[in-house]
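Per the working numbering, residue 313 is the first one in the sequence shown, and the count goes up by one each step. Note that CB positions come from ideal geometry on N, CA and C, so glycine has one too. None of the values given here were measured: they were computed from a predicted structure.
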Amino acid sequence: MGRLGAGLPAMKRGFLAVAVTAGLVLVGACGSGGGSGGGGGGGDSVSVGVLMPGGGASRFGRFDRPLIEKHVETLCPDCPAARVAATSDPTIQQQQFEAMITRGVDVIILAAVDPQLMRPSVESAHRAGIPVVAYDRLAQGPISGYVTFDGDEVGRLQAQGLLKAMGPKADGGRIVMMNGATTDPNAGWYKEGALAVLKGKVKIGKSYDTVNWRPENAYVNMTGAIAALGAENIDGVLSANDSMAGAVVSAFKAAKVAKLPPITGQDADLMAVQRIVKGEQYMTVYKPYKRATDATVEMAIALGRGEKVEAIATGSVDSPTTKNVPAVLLPSVSVTVSNIEDTLVKDRMYTVAQICTPALRPACDRAGLI
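Structural data, given as structure tokens:
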């Protein structure tokens with residue numbers, strides 16, 4: 313795939329630099345009445361199926377879902393309110409996808425739990441004439457569009473932040489890498505970006521691919537790394553996301569480690585931001601989700617109407633199965649304790665009151681948040 317490594321999406325230049333446990337998700341979009349029942353058949357009325365890989369307190373439940381719902385409502389105020397289903401179980405998500413095809417939606421937005429497992433369903437949708445927009449994760453099969461954040465940049469931001477936090481130990485120190493799931497192509501993309509920065513600078517004592525991104529698996533892996541290397545010999549941990557970073561912190565605390573090494577993350581989860589304020593996690597990667605959800609909804613509605621998406625897409629990607637998928641690739645932001653107010657608070661991701669609970673007020677005061 314070029315510089316990002318085999319099996320990951322080959323990114324073509326020209327991207328915009330700024331730019332349920334069960335149940336069917338149906339979002340009426342733009343126009344009166346329901347969907348056309350045939351998929352991508354044109355007309356103003358478009359039914360949009362939406363599948364998320366997590367809900368509730370997850371990033372997808374807290375941010376992506378409401379933003380998608382709101383933008384659909386903004387583009388089509390007369391359409392029924394969005395009903396969004398989410399699951400972290402790939403088998404259930406596959407069942408949800410097949411149900412959407414049966415119901416005859418016009419277009420599907422898919423943030424796949426397991427992009428490879430969803431390939432047969434994407435192929436079924438294609439045969440039914442239903443375009444699929446991959447969101448956040450590059451699904452396999454004949455997808456019609458893709459919107460995500462630059463994974464190479466995410467990995468580089470994490471590695472750069474880790475090296476900065478390690479100080480003198482960034483020259484020859486030992487780190488542990490807590491990578492994402494091998495079933496998620498984004499995880500490999502993040503890893504490649506990070507290694508491009510870390511190579512030749514630090515020693516990688518242990519590197520783990522975390523099954524299904526599950527924190528409990530990260531906890532087991534980190535516990536093993538501490539036992540094998542010794543906590544005093546771990547100078548930093550590159551954790552691919554915030555949930556796993558929380559598990560890493562827990563593993564160190566369970567080992568009675570008083571002074572934690574620098575730990576990275578991704579997604580700007582509220583608990584991670586609070587850990588950053590407390591000094592338990594060094595940084596996270598903030599992805600301005602509204603840009604991504606807006607582009608995804610606009611692309612889905614255009615495809616559902618049978619329209620081209622060149623005016624929305626700013627480049628193209630190659631998946632392991634499909635060439636030249638119209639895509640939007642967006643930038644991310646590194647967040648440390650020094651710029652929480654200028655990023656997350658300014659963008660109204662969180663209020664200071666949400667971050668600075670009574671127990672955190674002294675730490676927030678030291679951070680200049682109150």
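- Spatial neighbours of Ile575 in its own chain (CB-CB distance under 7 Å, excluding positions within 5 residues in sequence) are listed in chain order as Val549, Ser551, Ala557, Val560, Val561, Gln593, Tyr594.
- From the listed residues Gly484, Gly505, Asn524, the smallest Cα separation to Asp547 is found for Gly484.
- DSSP places Asn545 outside any beta strand (DSSP E), giving it a letter other than H or E.
- In this structure, Tyr458 lies away from Ile421, with their beta-carbon atoms at least 8 Å apart.
- The Cβ-Cβ distance between Arg486 and Asn545 falls below 8 Å.
- Note: Pro670 is not bridge-paired with any residue in the DSSP secondary-structure output.
- By a beta-carbon distance limit of 8 Å, Ala506 does not contact Ala499. Their separation comes to about 11 Å.
- Between the alpha carbons of Cys676 and Gly367 lies a distance of about 28 Å.
- Shown here for Asp521: same chain residues with a beta carbon closer than 6 Å to its own, the five before and five after excluded, namely Asn491, Thr494 in chain order.
- Our two residues, Ala411 and Thr608, have alpha carbons roughly 21 Å apart in a direct line.
- Val417 and Gly627 have their alpha carbons spaced roughly 26 Å apart.
- A contact between stretches requires three or more CB pairs, one per stretch, nearer than 8 Å, and the segment 449–465 meets this requirement with the segment 619–634.
- The criterion of a C-beta distance shorter than 8 Å is not satisfied by Val585 and Ser644.
- Counting C-beta atoms within 10 angstroms of its own C-beta, Ala671 has fewer than 16 neighbours from the protein chains shown and is therefore classed as exposed.
- Here DSSP, grouped into helix, strand and coil, assigns Leu475 to helix.
- Collapsing the DSSP output to three states places Arg486 in a strand.
- Counting other Cβ atoms within 10 Å of its Cβ, Ser650 stays below 16 and is therefore classed as exposed.
- When C-alpha distances from Lys590 are compared across Ile624, Val629, Thr535, Gly680, the shortest belongs to Gly680.
- By DSSP's assignment, Lys515 forms a beta bridge with Arg486.
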